[in-house]
Amino acid sequence: MRVLVTGNLGYIGVVIAPMLVDAGHEVVGFDADLYADCDFAGAGPLPKVEQVVRDIRDVGPADVRGFDAVVHLAALSNDPLGNLDAELTYEVNWRATVRLAQAAREAGVRRFIFSSSCSNYGAAAGALVDEGAEVRPVTAYGESKVRAEADLRGLAGDRFSPVILRNATAYGASPRLRLDIVLNDLVAAAVTTARVVLKSDGTPWRPLVHVEDIGQALLASLDAPRETVHNAVINVGGGRENYQVIDIARIVEETVPGAMLEFAAGASADARDYRVDSSRAERLLGWRARWDVRAGARQLFDAYRAGAMTAEDWQGSRYVRLRRLKELMAAGVMDSKLRFVAPRV
(Lines of atoms letter the chains of each structure in order from A; the text may use other names.)
(Lines give C-alpha, C1' and ligand atoms only; values in the text may rest on other atoms or scores of the structure.)
Protein backbone atom coordinates (compact mmCIF):
# COMPACT_ATOMS: atom_id res chain seq x y z
CA MET A 71 0.00 0.00 0.00
CA ARG A 72 0.94 3.65 -0.34
CA VAL A 73 0.56 4.90 3.24
CA LEU A 74 0.55 8.40 4.70
CA VAL A 75 1.86 8.33 8.27
CA THR A 76 1.10 11.45 10.30
CA GLY A 77 3.29 12.04 13.32
CA ASN A 78 6.05 9.92 11.79
CA LEU A 79 8.73 12.04 13.50
CA GLY A 80 7.36 11.44 16.98
CA TYR A 81 8.22 8.84 19.60
CA ILE A 82 6.07 6.08 18.07
CA GLY A 83 6.27 7.21 14.45
CA VAL A 84 10.04 6.93 14.05
CA VAL A 85 9.82 3.29 15.16
CA ILE A 86 6.77 2.39 13.08
CA ALA A 87 7.69 4.05 9.75
CA PRO A 88 10.61 1.67 9.07
CA MET A 89 8.47 -1.31 10.12
CA LEU A 90 5.97 -0.32 7.42
CA VAL A 91 8.75 0.08 4.85
CA ASP A 92 10.23 -3.30 5.77
CA ALA A 93 6.77 -4.84 5.27
CA GLY A 94 6.75 -3.56 1.67
CA HIS A 95 4.60 -0.44 2.03
CA GLU A 96 5.46 2.89 0.41
CA VAL A 97 5.55 5.42 3.23
CA VAL A 98 5.22 9.22 3.18
CA GLY A 99 5.55 11.07 6.47
CA PHE A 100 3.52 14.13 7.53
CA ASP A 101 4.73 15.89 10.67
CA ALA A 102 5.25 19.44 11.99
CA ASP A 103 8.54 18.21 13.53
CA LEU A 104 8.08 20.08 16.79
CA TYR A 105 10.92 18.10 18.38
CA ALA A 106 13.53 18.43 15.63
CA ASP A 107 16.42 18.81 18.08
CA CYS A 108 15.36 16.04 20.47
CA ASP A 109 16.99 12.96 18.95
CA PHE A 110 18.26 10.20 21.23
CA ALA A 111 21.52 8.64 20.02
CA GLY A 112 21.14 5.53 22.15
CA ALA A 113 18.39 4.19 19.86
CA GLY A 114 20.04 4.88 16.50
CA PRO A 115 19.39 7.40 13.72
CA LEU A 116 16.02 8.64 12.48
CA PRO A 117 14.63 6.60 9.56
CA LYS A 118 14.62 8.17 6.10
CA VAL A 119 11.26 8.38 4.32
CA GLU A 120 9.67 10.88 1.96
CA GLN A 121 8.67 13.74 4.23
CA VAL A 122 6.10 16.54 4.34
CA VAL A 123 6.81 19.00 7.18
CA ARG A 124 3.46 20.58 8.01
CA ASP A 125 1.09 21.01 10.93
CA ILE A 126 -1.73 18.46 10.97
CA ARG A 127 -4.18 21.33 11.50
CA ASP A 128 -3.37 22.51 7.95
CA VAL A 129 -4.08 19.24 6.12
CA GLY A 130 -6.34 19.21 3.06
CA PRO A 131 -7.60 16.74 0.43
CA ALA A 132 -4.55 17.27 -1.79
CA ASP A 133 -2.30 16.00 0.99
CA VAL A 134 -4.03 12.60 1.11
CA ARG A 135 -4.83 12.08 -2.56
CA GLY A 136 -3.26 8.96 -4.07
CA PHE A 137 -2.88 7.04 -0.80
CA ASP A 138 -4.41 3.66 -0.01
CA ALA A 139 -4.33 4.20 3.75
CA VAL A 140 -3.64 6.78 6.43
CA VAL A 141 -1.95 5.88 9.72
CA HIS A 142 -2.78 8.80 12.00
CA LEU A 143 -0.37 9.14 14.92
CA ALA A 144 -0.01 12.94 15.10
CA ALA A 145 -1.29 14.37 18.38
CA LEU A 146 -0.45 16.36 21.45
CA SER A 147 0.77 13.34 23.19
CA ASN A 148 -0.15 13.16 26.85
CA ASP A 149 -2.01 14.47 29.88
CA PRO A 150 0.41 17.28 30.91
CA LEU A 151 0.14 18.80 27.43
CA GLY A 152 -3.63 18.67 27.74
CA ASN A 153 -3.37 20.51 31.03
CA LEU A 154 -1.39 23.26 29.30
CA ASP A 155 -4.37 24.21 27.12
CA ALA A 156 -7.37 21.90 26.91
CA GLU A 157 -8.88 23.75 23.94
CA LEU A 158 -5.63 23.40 21.99
CA THR A 159 -5.62 19.67 22.72
CA TYR A 160 -9.15 19.40 21.33
CA GLU A 161 -8.16 21.38 18.22
CA VAL A 162 -5.20 19.12 17.41
CA ASN A 163 -6.33 15.73 18.68
CA TRP A 164 -10.03 15.92 17.85
CA ARG A 165 -10.94 18.53 15.25
CA ALA A 166 -7.80 18.12 13.13
CA THR A 167 -8.26 14.34 13.23
CA VAL A 168 -11.81 14.67 11.91
CA ARG A 169 -10.73 17.09 9.17
CA LEU A 170 -7.98 14.69 8.12
CA ALA A 171 -10.43 11.78 7.98
CA GLN A 172 -12.94 13.82 5.98
CA ALA A 173 -10.20 14.78 3.53
CA ALA A 174 -9.09 11.16 3.27
CA ARG A 175 -12.61 9.95 2.59
CA GLU A 176 -13.09 12.66 -0.05
CA ALA A 177 -9.78 11.68 -1.68
CA GLY A 178 -10.73 8.01 -1.93
CA VAL A 179 -8.51 6.63 0.87
CA ARG A 180 -9.96 3.27 1.84
CA ARG A 181 -8.50 2.66 5.30
CA PHE A 182 -7.85 5.07 8.16
CA ILE A 183 -5.93 3.73 11.18
CA PHE A 184 -6.37 6.00 14.20
CA SER A 185 -3.98 5.83 17.13
CA SER A 186 -6.27 6.32 20.11
CA SER A 187 -5.62 5.53 23.76
CA CYS A 188 -6.61 3.34 26.65
CA SER A 189 -6.62 6.60 28.63
CA ASN A 190 -10.22 6.77 27.45
CA TYR A 191 -11.14 4.30 30.20
CA GLY A 192 -9.77 6.70 32.82
CA ALA A 193 -11.30 6.15 36.24
CA ALA A 194 -12.33 2.50 36.01
CA ALA A 195 -11.24 1.68 39.58
CA GLY A 196 -8.88 -1.07 38.46
CA ALA A 197 -11.58 -2.98 36.61
CA LEU A 198 -10.71 -5.19 33.62
CA VAL A 199 -12.26 -3.37 30.67
CA ASP A 200 -12.89 -4.34 27.08
CA GLU A 201 -13.88 -2.17 24.12
CA GLY A 202 -17.53 -2.18 25.15
CA ALA A 203 -16.84 -0.65 28.55
CA GLU A 204 -17.96 2.84 29.43
CA VAL A 205 -15.28 5.44 28.71
CA ARG A 206 -14.45 7.71 31.65
CA PRO A 207 -11.65 10.06 30.59
CA VAL A 208 -10.24 12.18 33.39
CA THR A 209 -8.04 14.48 31.27
CA ALA A 210 -8.38 16.67 28.19
CA TYR A 211 -6.12 14.24 26.35
CA GLY A 212 -8.45 11.32 27.04
CA GLU A 213 -11.53 13.39 26.24
CA SER A 214 -10.02 14.50 22.92
CA LYS A 215 -9.50 10.88 21.90
CA VAL A 216 -13.06 9.92 22.91
CA ARG A 217 -14.53 12.73 20.80
CA ALA A 218 -12.34 11.88 17.81
CA GLU A 219 -13.32 8.22 17.97
CA ALA A 220 -17.03 9.03 17.93
CA ASP A 221 -16.76 11.32 14.91
CA LEU A 222 -14.50 8.92 13.01
CA ARG A 223 -16.93 6.07 13.42
CA GLY A 224 -19.67 8.32 12.05
CA LEU A 225 -17.66 8.75 8.83
CA ALA A 226 -17.47 5.02 8.09
CA GLY A 227 -18.99 3.89 4.81
CA ASP A 228 -18.71 1.36 2.01
CA ARG A 229 -15.54 3.01 0.69
CA PHE A 230 -14.02 4.32 3.92
CA SER A 231 -13.02 2.13 6.86
CA PRO A 232 -11.82 3.68 10.11
CA VAL A 233 -9.93 1.36 12.47
CA ILE A 234 -9.47 2.65 16.01
CA LEU A 235 -6.54 1.26 17.99
CA ARG A 236 -6.67 2.12 21.68
CA ASN A 237 -3.03 1.85 22.64
CA ALA A 238 -1.97 1.14 26.19
CA THR A 239 0.78 3.25 27.78
CA ALA A 240 3.75 2.90 25.46
CA TYR A 241 7.34 2.15 26.42
CA GLY A 242 10.60 1.22 24.75
CA ALA A 243 13.63 2.77 23.10
CA SER A 244 13.11 5.20 20.21
CA PRO A 245 15.27 7.71 18.32
CA ARG A 246 12.73 10.32 19.44
CA LEU A 247 12.67 9.18 23.05
CA ARG A 248 10.07 10.33 25.55
CA LEU A 249 10.64 10.33 29.30
CA ASP A 250 7.13 11.50 30.22
CA ILE A 251 5.77 7.93 30.18
CA VAL A 252 6.07 5.65 33.14
CA LEU A 253 8.55 2.87 32.33
CA ASN A 254 10.85 5.08 30.24
CA ASP A 255 10.93 7.63 33.06
CA LEU A 256 11.51 5.18 35.90
CA VAL A 257 14.40 3.46 34.11
CA ALA A 258 15.97 6.83 33.28
CA ALA A 259 15.75 7.91 36.91
CA ALA A 260 17.29 4.64 38.04
CA VAL A 261 20.14 4.82 35.52
CA THR A 262 21.02 8.46 36.18
CA THR A 263 20.32 8.84 39.92
CA ALA A 264 20.11 5.25 41.27
CA ARG A 265 16.61 6.14 42.53
CA VAL A 266 13.27 4.75 41.33
CA VAL A 267 10.93 7.51 42.45
CA LEU A 268 7.17 6.98 42.48
CA LYS A 269 4.97 10.08 42.43
CA SER A 270 1.79 8.10 43.23
CA ASP A 271 1.14 5.53 45.92
CA GLY A 272 1.80 2.79 43.35
CA THR A 273 -1.60 1.13 43.60
CA PRO A 274 -3.19 2.17 40.27
CA TRP A 275 -3.25 -0.33 37.42
CA ARG A 276 -1.85 0.45 33.98
CA PRO A 277 -1.85 -1.54 30.75
CA LEU A 278 1.51 -1.23 28.99
CA VAL A 279 2.68 -1.98 25.45
CA HIS A 280 6.05 -1.79 23.72
CA VAL A 281 6.27 0.68 20.84
CA GLU A 282 7.25 -2.16 18.47
CA ASP A 283 4.13 -4.10 19.48
CA ILE A 284 2.05 -1.03 18.59
CA GLY A 285 3.73 -1.22 15.18
CA GLN A 286 2.79 -4.87 14.78
CA ALA A 287 -0.85 -4.04 15.53
CA LEU A 288 -0.80 -1.27 12.93
CA LEU A 289 0.66 -3.61 10.33
CA ALA A 290 -1.99 -6.22 11.10
CA SER A 291 -4.71 -3.55 10.81
CA LEU A 292 -3.49 -2.64 7.32
CA ASP A 293 -3.29 -6.27 6.22
CA ALA A 294 -6.59 -7.46 7.69
CA PRO A 295 -9.63 -7.99 5.43
CA ARG A 296 -11.96 -5.00 5.41
CA GLU A 297 -14.85 -6.93 6.95
CA THR A 298 -12.66 -7.89 9.91
CA VAL A 299 -11.64 -4.40 10.99
CA HIS A 300 -14.15 -2.01 9.41
CA ASN A 301 -15.12 0.62 12.00
CA ALA A 302 -13.67 -1.54 14.77
CA VAL A 303 -12.33 -0.38 18.14
CA ILE A 304 -9.44 -2.54 19.34
CA ASN A 305 -7.39 -2.43 22.54
CA VAL A 306 -3.65 -2.75 21.90
CA GLY A 307 -1.93 -3.75 25.11
CA GLY A 308 -3.05 -5.10 28.43
CA GLY A 309 -3.94 -8.75 28.79
CA ARG A 310 -0.87 -10.23 30.46
CA GLU A 311 0.70 -6.76 30.38
CA ASN A 312 -1.45 -5.08 33.03
CA TYR A 313 0.64 -3.93 35.98
CA GLN A 314 0.23 -1.97 39.16
CA VAL A 315 2.65 0.95 39.10
CA ILE A 316 4.45 -0.35 42.19
CA ASP A 317 5.22 -3.59 40.33
CA ILE A 318 6.62 -1.64 37.36
CA ALA A 319 8.89 0.20 39.80
CA ARG A 320 10.06 -3.05 41.39
CA ILE A 321 10.95 -4.49 37.99
CA VAL A 322 13.04 -1.37 37.31
CA GLU A 323 14.71 -1.67 40.70
CA GLU A 324 15.65 -5.27 39.88
CA THR A 325 16.88 -4.36 36.38
CA VAL A 326 19.19 -1.44 37.19
CA PRO A 327 22.10 -2.38 39.47
CA GLY A 328 22.21 -0.28 42.65
CA ALA A 329 18.83 1.37 42.12
CA MET A 330 16.56 1.83 45.14
CA LEU A 331 12.78 2.32 45.17
CA GLU A 332 11.35 5.31 47.02
CA PHE A 333 8.19 7.41 47.10
CA ALA A 334 8.17 11.12 46.36
CA ALA A 335 6.99 13.45 49.12
CA GLY A 336 3.22 13.72 49.01
CA ALA A 337 2.77 10.64 46.78
CA SER A 338 -0.94 9.88 46.56
CA ALA A 339 -3.50 7.87 44.64
CA ASP A 340 -4.02 8.48 40.92
CA ALA A 341 -7.53 8.72 39.42
CA ARG A 342 -6.36 6.89 36.28
CA ASP A 343 -6.74 3.25 37.27
CA TYR A 344 -7.72 0.54 34.80
CA ARG A 345 -6.78 -2.87 33.41
CA VAL A 346 -7.40 -3.69 29.76
CA ASP A 347 -8.63 -6.82 27.98
CA SER A 348 -6.74 -7.34 24.69
CA SER A 349 -8.56 -10.46 23.50
CA ARG A 350 -10.21 -8.64 20.57
CA ALA A 351 -6.78 -7.79 19.14
CA GLU A 352 -5.86 -11.45 19.36
CA ARG A 353 -9.12 -12.52 17.72
CA LEU A 354 -9.33 -9.94 14.91
CA LEU A 355 -5.67 -9.23 14.20
CA GLY A 356 -3.88 -12.33 15.43
CA TRP A 357 -1.92 -9.91 17.63
CA ARG A 358 -0.23 -10.67 20.92
CA ALA A 359 2.41 -8.64 22.70
CA ARG A 360 5.92 -9.88 21.93
CA TRP A 361 7.47 -7.74 24.64
CA ASP A 362 6.90 -7.64 28.38
CA VAL A 363 7.85 -4.92 30.84
CA ARG A 364 10.86 -6.78 32.19
CA ALA A 365 12.35 -7.13 28.69
CA GLY A 366 11.46 -3.52 27.95
CA ALA A 367 13.23 -2.32 31.08
CA ARG A 368 16.38 -4.19 30.01
CA GLN A 369 16.18 -2.68 26.51
CA LEU A 370 15.87 0.83 27.97
CA PHE A 371 18.70 0.23 30.44
CA ASP A 372 21.01 -0.82 27.59
CA ALA A 373 19.91 2.09 25.37
CA TYR A 374 20.41 4.68 28.11
CA ARG A 375 23.90 3.39 28.80
CA ALA A 376 24.70 3.37 25.07
CA GLY A 377 23.44 6.95 24.80
CA ALA A 378 25.37 8.02 27.92
CA MET A 379 22.23 9.45 29.51
CA THR A 380 22.83 11.83 32.42
CA ALA A 381 20.73 13.17 35.27
CA GLU A 382 20.61 16.46 33.35
CA ASP A 383 19.08 14.60 30.39
CA TRP A 384 16.49 13.02 32.66
CA GLN A 385 15.54 16.30 34.33
CA GLY A 386 15.85 18.50 31.23
CA SER A 387 13.57 19.36 28.33
CA ARG A 388 14.94 17.27 25.46
CA TYR A 389 12.87 14.16 26.18
CA VAL A 390 9.85 15.68 27.96
CA ARG A 391 7.34 17.11 25.51
CA LEU A 392 5.73 19.78 27.69
CA ARG A 393 9.08 21.11 28.91
CA ARG A 394 10.41 21.40 25.37
CA LEU A 395 7.34 23.25 24.07
CA LYS A 396 7.42 25.68 27.01
CA GLU A 397 11.10 26.27 26.28
CA LEU A 398 10.37 27.06 22.61
CA MET A 399 7.58 29.44 23.62
CA ALA A 400 9.79 31.20 26.18
CA ALA A 401 12.45 31.67 23.49
CA GLY A 402 9.92 33.32 21.16
CA VAL A 403 10.29 30.55 18.57
CA MET A 404 6.74 29.25 19.04
CA ASP A 405 3.49 30.97 19.96
CA SER A 406 0.89 29.79 22.47
CA LYS A 407 -0.93 27.83 19.74
CA LEU A 408 2.23 25.82 19.00
CA ARG A 409 2.88 27.58 15.71
CA PHE A 410 6.47 28.45 14.80
CA VAL A 411 6.91 32.20 14.53
CA ALA A 412 10.71 32.34 14.27
CA PRO A 413 13.49 29.99 13.09
CA ARG A 414 14.90 27.54 15.59
CA VAL A 415 18.52 28.19 16.47
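Okay, so the sequence shown: first residue is 71 according to the numbering used here, each after it adds one. The C-beta atom is built at its ideal place from N, Cα and C for all residues, glycine as well. From a predicted model like this one, the values you see are computed outputs, not experimental measurements.
Is DSSP giving Y211 helix, strand or coil here?
Stepping through the sequence shown from its first residue, residue 211 is reached at position 141. It is helical.
Figure out for me which residue from R414, P274, E382, F184 has the closest Cα to the Cα of V346.
Residue mapping note: residue 346 aligns to position 276 of the sequence shown, counting from 1. The residue with the shortest Cα to Cα distance from V346 is P274.
Do R246 and Y374 have their C-beta atoms within less than 7 Å of each other?
Position 176 of the sequence shown holds residue 246. Position 304 of the sequence shown holds residue 374. Result no, Cβ atoms of R246 and Y374 do not sit closer than 7 Å.
Separation of Q369 from G112, as counted between CA atoms:
Sequence index remark: in the sequence shown, residue 112 carries index 42 (1-based). Sequence index remark: in the sequence shown, residue 369 carries index 299 (1-based). Computed Cα separation, rounded: 11 Å.
Our contact map puts D107 next to R414 with C-beta atoms below 8 Å; I'd like the distance itself, whole angstroms only.
Position 37 of the sequence shown holds residue 107. Position 344 of the sequence shown holds residue 414. So it is a contact: roughly 7 Å between Cβ atoms.
K269: first and last residue of the uninterrupted beta strand (DSSP E) it sits in
Sequence index remark: in the sequence shown, residue 269 carries index 199 (1-based). From DSSP, the beta strand (DSSP E) with K269 extends over 265 to 270.
Specify the secondary structure class of R124 as computed by DSSP and reduced to three states.
Locating residue 124 in the sequence shown gives position 54, where the first residue counts as 1. Coil at R124, not helix or strand.
For E201, count the other beta carbons within 10 Å of its own beta carbon; 16 or more makes it buried, fewer makes it exposed. Which is it?
On the sequence shown, position 131 is the one that residue 201 refers to. By the 10 Å Cβ count, E201 comes out buried.
Continuous alpha helix (DSSP H) stretch holding L370: start and end
As a first step, residue 370 must be located in the sequence shown, where it is residue number 300. That run of the alpha helix (DSSP H) goes 363 to 376.
Cutoff 7 Å; reference P88; Cβ partners in own chain excluding five residues on either side
Locating residue 88 in the sequence shown gives position 18, where the first residue counts as 1. For P88, where only same-chain residues beyond five positions count, the Cβ hits under 7 Å are P117.
Name the two residues that bound the continuous alpha helix (DSSP H) containing R394.
Walking along the sequence shown from the start, residue 394 turns up at place 324. First-last of the alpha helix (DSSP H) with R394: 391 to 400.
Got a sec, what are the start and stop residues for the beta strand (DSSP E) L198 sits in?
Looking up residue 198 in the sequence shown gives position 128. L198 -> beta strand (DSSP E) spans 193 to 199.
Rounded straight-line distance, which links the Cα of G224 to that of M399:
Locating residue 399 in the sequence shown gives position 329, where the first residue counts as 1. Locating residue 224 in the sequence shown gives position 154, where the first residue counts as 1. For the pair M399 and G224, the Cα-to-Cα distance works out to about 36 Å.
Beta-carbon proximity of S270 to V199, cut-off 7 Å:
As a working mapping, residue 270 is identified with position 200 in the sequence shown. As a working mapping, residue 199 is identified with position 129 in the sequence shown. Cβ atoms of S270 and V199: not closer than 7 Å.
Taking the alpha carbon of L331 as the point to measure from, which residue in T263, A302, T298 has its own alpha carbon closest?
Taking the sequence shown and counting its residues from 1, one reaches residue 331 at position 261. Taking only the C-alpha atoms, the option nearest L331 is T263.
State the Cα-Cα distance for the pair N148 and V233, rounded to the nearest angstrom.
Along the sequence shown, one-based indexing puts residue 148 at 78. Along the sequence shown, one-based indexing puts residue 233 at 163. C-alpha separation (whole angstroms): 21 Å.
Minimum length 4: unbroken alpha helix (DSSP H) runs contained in the stretch 307 to 348
With a minimum length of 4 residues, the continuous alpha helix (DSSP H) runs that stay inside the stretch 307 to 348 are 315 to 325.
Taking D405 as part of the beta strand (DSSP E), name the residues at either end of that continuous run.
Reading the sequence shown from its first residue, position 335 is the one you call residue 405. Note, D405: premise wrong, no beta strand (DSSP E); not H, not E.
Opposing strand residues paired with T239 [DSSP bridges]
The residue labelled residue 239 in the question sits at position 169 within the sequence shown. Bridge partners of T239: L278.
In whole angstroms, what separates the C-alpha of Y105 from that of R394?
Here residue 105 corresponds to residue number 35 of the sequence shown, with the count starting at 1. Here residue 394 corresponds to residue number 324 of the sequence shown, with the count starting at 1. Straight-line Cα distance between these residues: approximately 8 Å.
Indicate the three-state DSSP secondary structure (helix, strand or coil) for A359 in the structure shown.
Taking the sequence shown and counting its residues from 1, the one referred to as residue 359 is at position 289. Correct three-state label for A359: coil.
Close-in-space but distant-in-sequence residues of the same chain around V390 (CB under 6 Å, 5 per side omitted):
The residue given as residue 390 occupies position 320 in the sequence shown. For V390, where only same-chain residues beyond five positions count, the Cβ hits under 6 Å are L249, D250.
On the premise that E213 lies in contact with P266, defined as a C-beta separation below 8 Å, what is that separation, rounded to the nearest angstrom?
Sequence index remark: in the sequence shown, residue 266 carries index 196 (1-based). Sequence index remark: in the sequence shown, residue 213 carries index 143 (1-based). Residue identity differs from the one stated: residue 266 is Val in this sequence, not Pro. In this structure V266 is not in contact with E213, their Cβ atoms being roughly 31 Å apart against a cut-off of 8 Å.
Within 10 angstroms of the Cβ of P327, are there 16 or more other Cβ atoms? Answer buried if so, exposed if not.
Translated into positions along the sequence shown, residue 327 becomes position 257. Looking at its Cβ environment, which holds fewer than 16 other Cβ atoms inside 10 Å, P327 is exposed.
Have a look at R276 and L355 and give me their C-alpha separation to the nearest angstrom.
Within the sequence shown, numbered from 1, the residue matching residue 276 stands at position 206. Within the sequence shown, numbered from 1, the residue matching residue 355 stands at position 285. Cα to Cα, R276 sits roughly 22 Å from L355.
By Cβ distance below 8 Å, which residues in the same chain neighbour G192 in space, the five residues on each side in sequence not counted?
The residue you call residue 192 lines up with position 122 of the sequence shown. Contacts found: V205, R206, P207, V208, T209, G212, A341, R342, Y344.
State the Cα-Cα distance for the pair V252 and D317, rounded to the nearest angstrom.
For the purposes of this step, residue 252 is taken as the residue at position 182 of the sequence shown. For the purposes of this step, residue 317 is taken as the residue at position 247 of the sequence shown. Their backbone Cα atoms lie some 12 Å apart in a straight line.
Rounded to the nearest angstrom, what separates V179 and S387 at their Cα positions?
Position 109 of the sequence shown, counted from the first residue, corresponds to residue 179. Position 317 of the sequence shown, counted from the first residue, corresponds to residue 387. Distance between the alpha carbons of V179 and S387: 37 Å.
For A240 and V281, what's the separation of their Cα atoms in angstroms?
In the sequence shown, the residue the question calls residue 240 occupies position 170. In the sequence shown, the residue the question calls residue 281 occupies position 211. Each residue's Cα considered, the two are about 6 Å apart.
If you draw a straight line from the alpha carbon of E352 to that of R358, how long is it in whole angstroms?
As a working mapping, residue 352 is identified with position 282 in the sequence shown. As a working mapping, residue 358 is identified with position 288 in the sequence shown. The alpha-carbon atoms of E352 and R358 are separated by roughly 6 Å.
Distance between V411 and S348 (C-alpha atoms, nearest Å):
The residue given as residue 348 occupies position 278 in the sequence shown. The residue given as residue 411 occupies position 341 in the sequence shown. Straight-line Cα distance between these residues: approximately 43 Å.
For D133 and V97, what's the separation of their Cα atoms in angstroms?
By one-based count along the sequence shown, residue 133 stands at place 63. By one-based count along the sequence shown, residue 97 stands at place 27. For D133 and V97, the distance between alpha carbons rounds to 13 Å.
Could you tell me the alpha carbon to alpha carbon distance between A171 and F182, rounded to whole angstroms?
Along the sequence shown, read from residue 1 onward, the residue named residue 171 stands at position 101. Along the sequence shown, read from residue 1 onward, the residue named residue 182 stands at position 112. Between A171 and F182, the C-alpha separation is close to 7 Å.
Those residues which DSSP pairs with G96 across a bridge
Here residue 96 is taken as the residue at index 26 of the sequence shown, counted from 1. Per the sequence shown, residue 96 should be read as Glu rather than Gly. In DSSP, E96 forms a bridge with R72.
Per-residue burial, G402 [other beta carbons within 10 Å of its own, 16 or more giving buried]:
Here residue 402 refers to the residue found at position 332 when the sequence shown is read from its first residue. G402 should be labelled exposed.
For S244, the three-state DSSP class (helix, strand or coil)
The count along the sequence shown starts at 1 and reaches residue 244 at position 174. Three-state result, S244: coil.
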